[in-house]
């Protein structure tokens, strides 16, 4: 426990999703349980209204970096500030060259960084892995501050892919519900700032721990007993001897596919967390892939600060063999300790724990 | 203990020594290497190019390193420049001209899938991290391996895989010892050796 005592704060920066262009706009809709999903060419999607079809990725990245340059000037001027980019598919819209080509160099030059940013592409767990890596970088004194950016956009490529797997829902997705039938795709760009620097010391939330684990089962099918997710959460809790009962709220992945949600239920049951309040944000903004771990952590942090659990939209009737304690309506409740989880293709699972300062 | 394996365009090296060599023009070199390694894993034939490269290179390394019963304790770091680009293009071609998109290609269109196949093959439940970097020199080996070992990992598998057109390579090292400037030098030297 001794080695992990360095305090690392975490706070939200830009948050551009189907719910709006910043966290306040998103929160205003979340508390009204208003979905950002819209119907477009036969599918419900979490699209960002101001983006047009061409150059989606470049435009969204530019929005985000412009905001970041404006708000994080002081941090960016420090030598020990690093940047991590989390993206599953990056600029997949113009595929003839590498969708990650020159991305690191572009961001390094634009933000005047000393070293190129680290790019994580670990499917749908990228965002949670990125926050965990930032925490480790600060603990190991690679950096004092790490800005963690998550970005992925809607594309024909990803839509065709999930469609070929019969994984897209025809309606607004219903995580953990008995009628759930697949995902809605979404897009987002967002960043969080993790820091051990004194200028960030007053932030009210701290990053505690995190881990990842592979299911070692199947590249595109979740394990039946949630082995990888179980292990990732177990490791995250064990690092600081956190007991399962001290988790106030689980902000889970909840994609609304039959198998993912059931796998999560198995893992949470094995962790004795079936009674812990849990929700999914997928029915608000869709599945934002590599950005999901960042955006959903932002929403969960806002929930912590407001001591408000947000209704798990799309959930009406239990559709799991072992029921979970889904948040069925907004609820005021003290949230001191948060568990965020994610699972994805390639058998990856990841988790992290955040805590409000006492 | 630190061990290395590398395969590229018809050659395979184990700890810097040649293990297998065939004509550079031989397009079937991966199948021939598979036969020499004889891992008896028919799923190999269904994998995409990156996953095949990582599979063969890791099977080669297992001549020196036992991954059995290691389970949770082995952490994997993987890096690539092009990621799954060639499979991405293959998938995109599958749905051109009104054809149905291929789900079996789609599931390989992420840079981390080859790492998933490695974990599945060897039942490794440890940490997983997949990075996109411009070259192997940018892989954060020193920082990542040392923090994983300090956190309690029994060993680390560091995988570099890159495929672009006819050029394909995979380089893996396993270490259960902390890295320093000297080991990083040795890693680079072993990676750069081409027989």
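Chains as they are written, first to last, in our numbering: chain U, 4 to 361; chain V, 957 to 1151. Note that the Cβ used here is the ideal one computed from N, Cα and C, for glycine as well.
| query | result |
| --- | --- |
| Uninterrupted alpha helix (DSSP H) stretches inside the stretch 219 to 279 of chain U (no shorter than 4 residues) | 230 to 241 and 261 to 273 |
| Residues from the stretch 1075 to 1101 of chain V in contact with chain U, defined by Cβ distance under 9 angstroms | 1075, 1076, 1077, 1078, 1079, 1080, 1081, 1082, 1083, 1084, 1085, 1086, 1087, 1088, 1089, 1090, 1094, 1096, 1099 and 1100 |
| As assigned by DSSP and simplified to three states, the class of residue 214 of chain U | strand |
| Chain V within 8 angstroms of residue 217 of chain U, Cβ atoms only | yes |
| Test: residue 1073 of chain V CB closer than 8 angstroms to a CB of chain U | yes |
| Inter-residue spacing [alpha-carbon to alpha-carbon] between residue 254 of chain U and residue 319 of chain U | 18 angstroms |
| Cutoff 8 angstroms: residue 322 of chain U Cβ touching any chain V Cβ | no |
| Reduced DSSP secondary structure (H/G/I, E/B, other) of residue 1035 of chain V | strand |
| Check whether residue 197 of chain U and residue 141 of chain U have beta carbons under 8 angstroms apart | yes |
| Cβ contact (3+ pairs, closer than 8 angstroms) linking the stretch 1067 to 1086 of chain V and the stretch 995 to 1007 of chain V | yes |
| Sequence-distant residues of its chain with Cβ nearer than 7 angstroms to residue 971 of chain V (five each side left out) | 959, 960 and 1020 |
| C-beta neighbour in chain V for residue 103 of chain U, strict 8 angstroms | yes |
| Any chain V beta carbon closer than 8 angstroms to residue 5 of chain U | Caution applies to residue 5 of chain U, whose pLDDT of 35 falls short of 50 and renders its modelled position unreliable; the model cannot decide the point. |
| Where residue 183 of chain U falls: helix, strand or coil (DSSP) | coil |
| Contacts around residue 348 of chain U, its chain only, beta-carbon distance under 6 angstroms, and the 5 residues preceding and following it disregarded | 126 and 223 |
| Residue 118 of chain U to residue 1118 of chain V span [Cα, whole Å] | 22 angstroms |
| Interface flag, residue 1012 of chain V vs chain U, CB-CB below 8 angstroms | no |
| Given residue 388 of chain U as reference, the closest of U/302, U/289, U/296 and U/247 once Cα atoms are compared | Residue 388 of chain U lies beyond the range of chain U shown here (4 to 361); nothing can be said about it. |
| Runs of beta strand (DSSP E) wholly within the stretch 991 to 1071 of chain V (minimum 3 residues, chain order) | 1030 to 1036 |
| DSSP beta-bridge partners of residue 366 of chain U | Any question about residue 366 of chain U goes unanswered here, given that chain U covers just 4 to 361. |
| Near-chain U residues of the stretch 1037 to 1071 of chain V (beta-carbon distance less than 8 angstroms), N- to C-terminal order | 1037, 1038, 1039, 1041, 1044, 1045, 1047, 1048, 1051, 1056, 1057, 1058, 1059, 1062, 1063, 1064, 1065, 1066, 1067, 1068, 1069 and 1071 |
| CA-to-CA distance, residue 42 of chain U to residue 50 of chain U, given in whole angstroms | 10 angstroms |
| Residue 969 of chain V - DSSP class collapsed to helix/strand/coil | strand |
| Per-residue burial, residue 378 of chain U [other beta carbons within 10 Å of its own, 16 or more giving buried] | Outside the modelled stretch of chain U, which goes from 4 to 361, sits residue 378 of chain U, for which no answer is possible. |
| Straight-line Cα distance separating residue 26 of chain U from residue 1142 of chain V | 48 angstroms |
| Neighbour-count burial assignment, residue 979 of chain V, 16 or more Cβ in a 10 Å radius | exposed |
| Euclidean distance between Cα positions of residue 1078 of chain V and residue 1015 of chain V | 10 angstroms |
| Host alpha helix (DSSP H) of residue 1133 of chain V (start-end) | Element bounds for residue 1133 of chain V: n/a, residue is neither H nor E. |
| Cα-Cα separation, residue 988 of chain V to residue 214 of chain U | 38 angstroms |
| Among V/1138, V/1081 and V/1096, the one whose alpha carbon lies nearest that of residue 1116 of chain V | V/1096 |
| Interfacial residues, the stretch 1103 to 1119 of chain V to chain U, with Cβ spacing under 7 angstroms | 1103 |
| Same chain, Cβ closer than 7 angstroms to residue 982 of chain V, neighbours up to 5 away in sequence not counted | 966 |
| Cα-Cα separation, residue 341 of chain U to residue 162 of chain U | 32 angstroms |
| C-beta neighbour in chain V for residue 328 of chain U, strict 8 angstroms | no |
| Sheet register partners of residue 14 of chain U (DSSP bridge) | U/196 |
| Residues that residue 358 of chain U bridges to, as DSSP identifies them | U/209 and U/340 |
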